[in-house]
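Numbering (the working numbering), first residue to last: -2 to 540.
The beta-carbon is built from N, C-alpha and C at its ideal position, and this holds for glycine as well.
Single-structure report; data block below.
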């Protein structure tokens, strides 16, 4: 199939809107939850602004992290569902609504970072223990597993994906965030000065510690302990390096960092009270929550000032394409070839394989070839190119991988000359430090050889091939590639059919949770004005 360039570009723009608008969306979701924890709406708005500013301060906005944006948006919504679930545990059909909402929101977050299922399932069972409704807790905890059931074999075969985010390759395995930086709310690619982070996150901690001192309840102590636990998880996971699709990657720390900051913000909201405007100025200055509100406003103003002046950072930018246009045209041609990119820096050589579909922003979970044998060949080829020592079968290796071009940067002139001496490789100088090797025009993703059709894709039962309307029989290619038997060369149509079981499982799972989460037909709702009046009356009685 050919690449739909317009739809791909549209998809990228949607992600840009999501990342650039993430602060506003996250702040709105934070306010939606925090307004139920503090009596003062303006204090909730200030705390929600702190939550939204955590995205650029942590470096999530500059890195374009979809995982962090999803966590900042979903965590307040999940927390609000938990709040309503605890206080409105109705009998009858309504008892299934909040667990179903919890499961639906959890499914989205788990699809980004699968490891979050352990925490979400624990929260569901704790609420089930509190409300003595284990059936609802099972729906909340196991609902995401049912929906994501077709994905489980992939997680079992590639367990590194359990710890990483949706774009494992975007997190450099060679670098890890500083533990003290994580304490100050700084993740990967943070561009804010450390002083800004320390001052703003100090506001989080001050408000949280004051809440612990003033309330001194078991819930507050549990929340404080969970904040420390989330910070420890973020630090420990950031020290690991795992393999995803046979490529080394570092586990995501942004999601756990936002769990840590979110719990601190919950404590801050629980510890604040509205300021009585009838107080004198002297009483107002001695009221503890005046200083809490002043500290929160200071954090918002400080973070906003930095973000407005220099918050875009050096990471979020639109760079020029470095691969020549004629190489990209070949990748998008009917041959659907690939290009091998090799960049040498001293004694270290980095390499990547690209095709017509990427890698692009949002597709970092899926490499060009998900095969261990193919990736071993790529690693061996990169070493040969960087060292200028091509093997005798380099042409066969490149052809088997459907590589039509090799883009090389930073390799010595001697290595370039040695490698260009290989048969059928044509070097083209792009600039003083970059060279492109072109293979012959007969390289293609699909080839006919020795009575077989060879497809340079890993073996998979979902691949199927037809020649003149006749379905071809799968064969063994002798390596990692997919092959079919074909006695003579003909026009062949190759396609990958989706799994009907996977589609049915996900559709039925979402449908079931949607039905459970729908409001009951007999549910009665009071007018908004009557509801506000009832709330004010209850508040006066509490005072």
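Query, Result
"Host alpha helix (DSSP H) of residue 414 (start-end)", "410 to 417"
"Cα-Cα separation between residue 252 and residue 22, rounded to whole angstroms", "16 Å"
"Option nearest residue 433 by Cα separation, candidates 411, 405, 451, 441", "405"
"Contained alpha helix (DSSP H) runs [length at least 4] in the segment 153 to 223, N- to C-terminal order", "176 to 180, 191 to 212"
"Nearest-angstrom Cα separation, counted from residue 456 out to residue 124", "45 Å"
"The segment 150 to 163 contacting the segment 25 to 40, beta-carbon criterion three pairs below 8 Å", "no"
"Exposure label - residue 470; buried when at least 16 CB within 10 Å", "exposed"
"Those residues which DSSP pairs with residue 405 across a bridge", "339, 432"
"Proximity of residue 259 and residue 52 at Cβ, strictly below 8 Å", "no"
"Inter-residue spacing [alpha-carbon to alpha-carbon] between residue 15 and residue 319", "26 Å"
"Collapsed DSSP secondary structure at residue 15 in the structure displayed", "helix"
"Proximity below 8 Å, CB of residue 60 to CB of residue 186", "yes"
"Backbone CA spacing between residue 46 and residue 261 [nearest angstrom]", "14 Å"
"Contacts around residue 463, its chain only, beta-carbon distance under 6 Å, and the 5 residues preceding and following it disregarded", "490"
"Burial state of residue 518, where buried means 16 or more other Cβ atoms lie within 10 Å", "Below a pLDDT of 50, predicted positions are generally treated as unreliable, and residue 518, at 48, falls in that range; the measurement from the model is reported next regardless. Exposed: under 16 other Cβ atoms inside 10 Å."
"Three-state secondary structure assigned by DSSP to residue 44", "helix"
"Contact test: residue 260 Cβ vs the ligand MG heavy atom, cutoff 7 Å", "Because no ligand of any kind appears in the structure shown, any question about the ligand MG cannot be addressed here."
"Where residue 477 falls: helix, strand or coil (DSSP)", "coil"
"contact_flag[the segment 110 to 120, the segment 473 to 488] where n(CB pairs < 8 Å) is 3 or more", "no"
"Collapsed DSSP secondary structure at residue 103 in the structure displayed", "helix"
"Close-in-space but distant-in-sequence residues of the same chain around residue 375 (CB under 8 Å, 5 per side omitted)", "337, 348, 350, 366, 398"
"Counterpart residues of residue 451 in DSSP-defined beta bridges", "444, 480"
"Neighbourhood of residue 78 by C-beta, 6 Å cutoff - its chain only, sequence neighbours within 5 removed", "95, 98, 99"
"Rounded separation between residue 313 and residue 18 - CA only", "Confidence is the limiting factor: at residue 313 the pLDDT is only 45, short of 50, which leaves the residue's position unreliable and the question unanswerable from this model."
"Coil, strand or helix - residue 53 by DSSP", "helix"
"Every unbroken alpha helix (DSSP H) within the segment 219 to 252, with a cutoff of 4 residues, ordered by chain", "none"
"Through-space distance from residue 146 to residue 427, alpha-carbon basis", "48 Å"
"Residues bridged to residue 472 [DSSP beta-bridge criterion]", "480"
"Which listed residue (505, 182, 240, 214) has its alpha carbon closest to that of residue 201", "182"
"Test item: CB-CB of residue 247 and residue 333 under 8 Å", "no"
"Segment limits, alpha helix (DSSP H) that includes residue 345", "Looking at the DSSP string, residue 345 is not in any alpha helix (DSSP H); the run it does join, the beta strand (DSSP E), is 345 to 351."
"First and last residue of the uninterrupted alpha helix (DSSP H) at residue 114", "113 to 128"
"Backbone CA spacing between residue 390 and residue 452 [nearest angstrom]", "19 Å"
"Alpha carbon of residue 102 to alpha carbon of residue 76, nearest angstrom", "10 Å"
"Residue 463 - DSSP class collapsed to helix/strand/coil", "strand"
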